[in-house]
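Chains as they are written, first to last, in full-length UniProt numbering: chain A, 1 to 249; chain B, 1 to 249; chain C, 1 to 249; chain D, 1 to 249; chain E, 1 to 249; chain F, 1 to 249; chain G, 1 to 249.
No residue lacks a Cβ here, since even glycine has one placed at the ideal position from N, Cα and C.
Quick notes on the structure that follows.
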């Protein structure tokens, strides 16, 4: 179905096409693909989120690129797609997590938080007067001493993952993760895997300032972002490995 | 009626076409057909729901695929179609069942619950400002010691069934159920029938992790999901049968 | 007026065409014609409603086909057309009948109830933001010891009838009723007339499970549905008659 | 102005055309012309309303055809056009007449009631979100011992008349009334004039059951509908007259 | 700008065209031109309003033609254009004049009343969801012993006049008024001027019943409508004058 | 960008065109250009507003032409464009100035008043459901003993000016003002400059009744309109000057 | 994608195009590019904002050009694009900063203020019934003794910068800033850099009245605008430098 016909489903509110698709939702997925890549890796002892923070000008502060967000002590979100849309969802998640924690006096369950976020997303795909959110999220956290990693898409669907990528090079990175991920990764190996996955899709070499890395562990379920120095160490190790790999070829 | 004319009924709110059809509702039915297959089987002593939980990546957690949902102790729902839409309906069903149980101090009647859900669905097909729900549901449960199995469609119509399939291969599976279902199935035979029905439409062999099976029985009207091990036993038996069948051919 | 011009009146809210017609209302009438046939017969001592309950699969429960509905002790409704729409109108009628009975401590007048239902229908044909109801109703009941039988259509018009058909074969069945109906039918003869009228438009022979028959009489103004056994007796008698007729030809 | 241009004014809310016309209102007038004819005759001592109640099937009850309505003891309305629309206006008139009578403890003035009705009609021609009413009314009654006869049209304009027709054959009947009406008609002569006017536009002979006649007189300002027997007498006299006329030709 | 382009500004709410015009307002002015002519004449000692009340059938009551309206003791309004729209504006003026008089315990200033009416008109040209009023008004009255005569148009603009015409033959009548009006007209001469102006645009001779004439004078600031007899005297005099004029030619 | 493309931005609410323009706002500016010219001149000791009040008929009262408006003792507004729109803005300014004066017990600052007005204008260019105001204003007044002169346009932008023209001949008049305005004009010279500027764009000679002139001075910050006699004196002087200029050529 | 297809995304609310873009937001960015250039420079000890205030007529007051705005003592905003839109955002920022300061009794954090502004902007890109803001902002201020400089765009995204340009010549100026900006600029060197950057894109020489320059320093975190004399000094120095540069070439 091309050209004029497709146009018919573009206008006004989100409605079904004759083959049962919601074009506005699919177009919102395209908005996600236009964003940079974000990666989540779940390990036995924690969750890792890795995002691309390269700037389009050397005068821009990388730390102001909104891709990696603390939502509560035990939950963080990495986003891809329309930046301002993602921020709304993250603010929603923060407020919800706070309210629930105040009410029940314990950290909100990561899965329940994901569900609340996707319910909010779904409303924008069914009720008129607004467009869907053009953003996908990776929601990582610890609940009941178990690391959890969820992905949400613009339709309001969520899935739990062992390791997953969203954004512009999703297919390539996901395939790499499927090859490399295994059950007994340590949190450090998870960070390394995420950085390697992201570096593969770049032509130039990785700069620490162009990366954001966050972790939450079962032992210390408090979100932490790695400093540029910490990232640099991983990148150095990574280059050593690649040099070895290159030599081995 | 093709092309330009059909387009006219696609836009804006749900309205009648000259031949008395509601296109948005029919398109929502297409969205259901795009989903995986879910199956319900009513037996003399209970209800069985069987769903397809295959993942598109080995890194995705099958248990996070939202197809099988406990609504109350005595009621569960299997869905097909737009996942986020189905979740809204299931949440609606849960809240309603809770409220009614609190008010009347007894479990809500399964038929009454089905009616409440379909009334909600119908509103979205008549009142403007929103699109219909792109999901079908199988609502199974026990009321007054009687197993009940209802199906809802995107128009807000419901029907009661002895055994029924919704989703991508409905016609094939329904035909198989019509041949195989009989009055005096035990709950175990119902599970077996559901798994056999679902396995017929797959090319590869069935993996327990790719299946979800839930049951509620008259004797113990509490919803239970089968573990992977329990499903594996049914699958093994099923393969034995098929081997025998193959040999007999 | 064909093609492009007609299209103009299809979109958005219900508005007048240049020749003073309301297309959305006429299309809703088409939705009624797409439904199965329902029949009402008024006799000297009561009212009979006969509906078609054939199922599209042997696994579907005929009793779950929503065509015949008790509204209050002394009133019942048979519907044709969009099932979920009809259910909304019937729920509306039930609530109204209950409220009025509570307020005035006597059963609500059947004509007043019909008027309330048609006022509700009319609103959906004039005020924007919703489509008309795609359903016609036969409202039968007893008021002041008099049997009453009303028909409502999607425009919100009602008429009182001695005998009437709605749905897919209205014209044929109505013509048959005009030939056969007479003033001094007993309630049993009314049931027989309704079943004969419905059976005429079927190619296969009538199965009791595929029929729904309800009656309210002046002597006992409480709605009753016939059991499959009772319907079977009528069908047997009917076949005897037809055999005789065939022989006589 | 034809075809495509005209289409432009058909959609959405009621707006002006370049030549200052309101098409939706004019189309609503067409809906009135599609209705049967209703006639009002004012005489020195009262007001007469005559309506066409022929049925489309011998099984339909003529008395259920909604054309002639008592609004208060001293006011009645005859309608033409979209039946369900007219009923809304008549209900509006009834409620208004009741409220005013309760407030001021005297019957509401017929002219004031007409104005209230036309104000309601006008709102539907100017404010968006609804279509105009597709009905015209003849409002007849007695105020301050004076017979009054008003006509309302779909634009919300009203006029007072000595005698007037609305509906399908308005022009013909009005011309007949202009020839035949005179100042000193008695109420009986008014009834006769109305019946004669209506019978002229029918090919078949007039049946009492196919006519509705209502009167209100200054001496007894209480609305009364003639029985079939009373109408039959007028029809008989009418045929005598016509026979005489035929002979005289 | 013709055809298709013009169409673009016809739909939906009142918006600017590329050349800065509001088409719906201009079309509403066309609706005024489709109405009959109304005339206002201000004299040294009062204000005169003259309207056309010819009927389209001899059976219609001329007094029921809504063109001349008392708004308060000291203010009256003559209208042209869409009758039901004008009535809304006049009702608005009446209510406003009443409220203000109650609040300040003196008659509302005519200019302030005109401003209130035009503010109301303007809202319908700017805020969506309704169309402009298709009516122009002549608001005549006495404030502080000074005769005032205002005209309002569908854009919500008002102007004060010595003498002015609105409606179908505005240009011709205005030109006549410009030739004939002078500062020291008496109220009787004002009435005569108005009747002469209106009679000029008619082919047939003027009938008193086809005219409405209202006056308010400084000496007795209470609105009065002339009786048919009083109008007849003016018409007779008028014909004498014309006979003389004809003779003089 | 011509024809069909331009059309796309004309309908519905005010939205951006691909090149970042707001067509409805630009069209509203065209509405301003269709109005007559208004001029503001700031001098060392006050502000002058000069407007065109020519009438289209000798029977229209020039004083009823709404172009020059007192808003508070120390502020006045001259308008150009859609008259009824301008009146809304002026009423808004009056109410705001009153409320602020009541609250702070001192006259509202002219700049703050201008900002309030432009905020109101801006809302109509961004929020749907209404069109922009088709009027420009010159807001002149005295605050803190300083003369201020602001211009507002339909986008909601304001600028402060030494001397400025709005309306049909803005470009010509502005160019004349740029040549003639200087820092040490007296208020009388400011009036003279304004009248000369306006007279240049007229073909016929200036009549005092066709002009409106208002002034506010620092010494006596109370708005005053010149009488016809006062204007006549300026016009006489002006003609003397022009005669001299003509002679000098 | 050209012509007809693009049109489809222009109308009504802000929705996604098939390739995941929001055209109304992109068109709003074009509105920003149509505005004059504004520049922000962060130095070690403060923030500098430089804006273009050239007037289109010598009679316009440059100080009335709304480009540089004090928001609180410690925060200022420079804008580019649609002036009236920017003013709304700046008013929003002012109110928010005031409320927060009152609540927490300390100046609002600059980053938090930026987030509040961008959340407001985002709402206008997702929820229907209004268009996006056609303005970009540079928000500069001091928080916790650290200079901050943020940019917001019409999508509701913000970024932090060392030095940045918005408006018509963004690309050229940004490239110049990238070449010239370094870490240890003093606040005076920041002002000089900003003025040089803006002067490069002008053909004529820079006039102090045509420039606006504001600064906030860590030592004295109170926003100050430079006087014309202060700007003149910078411009003089700048010309000396350029003369030297010219000589060196």
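Reduced DSSP secondary structure (H/G/I, E/B, other) of residue i
i: residue 222/G; result: coil
i: residue 163/B; result: strand
i: residue 156/C; result: coil
i: residue 131/F; result: coil
i: residue 252/C; result: Shown here, chain C extends from 1 to 249; a query on residue 252/C therefore has no answer.
i: residue 138/E; result: strand
i: residue 79/G; result: strand
i: residue 168/D; result: coil
i: residue 227/E; result: coil
Residues that residue i contacts on chain D, provided the C-beta gap is smaller than 9 Å
i: residue 157/C; result: 66, 82, 83, 84 and 87
i: residue 177/C; result: 57 and 59
Residue range of the unbroken beta strand (DSSP E) whose run includes residue i
i: residue 211/B; result: 211-217
Residue range of the alpha helix (DSSP H) that includes residue i
i: residue 103/B; result: 83-104
i: residue 199/C; result: 187-200
i: residue 207/B; result: Taken as a continuous stretch (DSSP letters only), residue 207/B belongs to no alpha helix (DSSP H), as it is neither H nor E.
i: residue 144/E; result: Here residue 144/E belongs to no alpha helix (DSSP H), and DSSP marks it neither H nor E.
CA-to-CA distance, residue j to residue i, given in whole angstroms
i: residue 47/G; j: residue 159/F; result: 27 Å
i: residue 88/F; j: residue 157/E; result: 11 Å
i: residue 180/F; j: residue 52/G; result: 27 Å
i: residue 145/C; j: residue 110/C; result: 11 Å
i: residue 200/B; j: residue 17/B; result: 38 Å
i: residue 131/D; j: residue 166/E; result: 30 Å
i: residue 43/B; j: residue 185/B; result: 5 Å
i: residue 86/D; j: residue 239/C; result: 47 Å
Partner residues on chain A for residue i, Cβ-Cβ distance less than 9 Å
i: residue 267/B; result: Here chain B comprises residues numbered 1 to 249, so residue 267/B is not present and cannot be evaluated.
Listed by chain order, chain A residues near residue i by CB distance under 8 Å
i: residue 212/B; result: Ordered by position in chain A, no residue passes the 8 Å Cβ test against residue 212/B, which lies about 14 Å from the chain.
Neighbour list for residue i in chain E, Cβ cutoff strictly below 8 Å
i: residue 47/D; result: Under the 8 Å cutoff, chain E gives no residues; its nearest Cβ is about 13 Å from residue 47/D.
Closer than 7 Å at the beta carbon, the chain C residues around residue i
i: residue 130/D; result: 126, 127 and 128
Partners in chain G for residue i, counting only beta-carbon separations shorter than 9 Å
i: residue 24/A; result: 15 and 16
Under 7 Å by beta carbon: chain G residues contacting residue i
i: residue 34/A; result: 20
Interface partners of residue i on chain B, CB under 8 Å
i: residue 118/A; result: 84 and 87
Check: residue i C-beta below 6 Å from any heavy atom of the ligand GDP
i: residue 231/E; result: This structure lacks the ligand GDP, and indeed carries no ligand of any kind.
Within chain F, partners of residue i - CB distance below 8 Å
i: residue 122/E; result: 84, 85, 87 and 88
| Mind pulling the alpha helix (DSSP H) runs of 4 or more residues that sit fully within the region 4-73 of chain F? | 4-7 and 23-34
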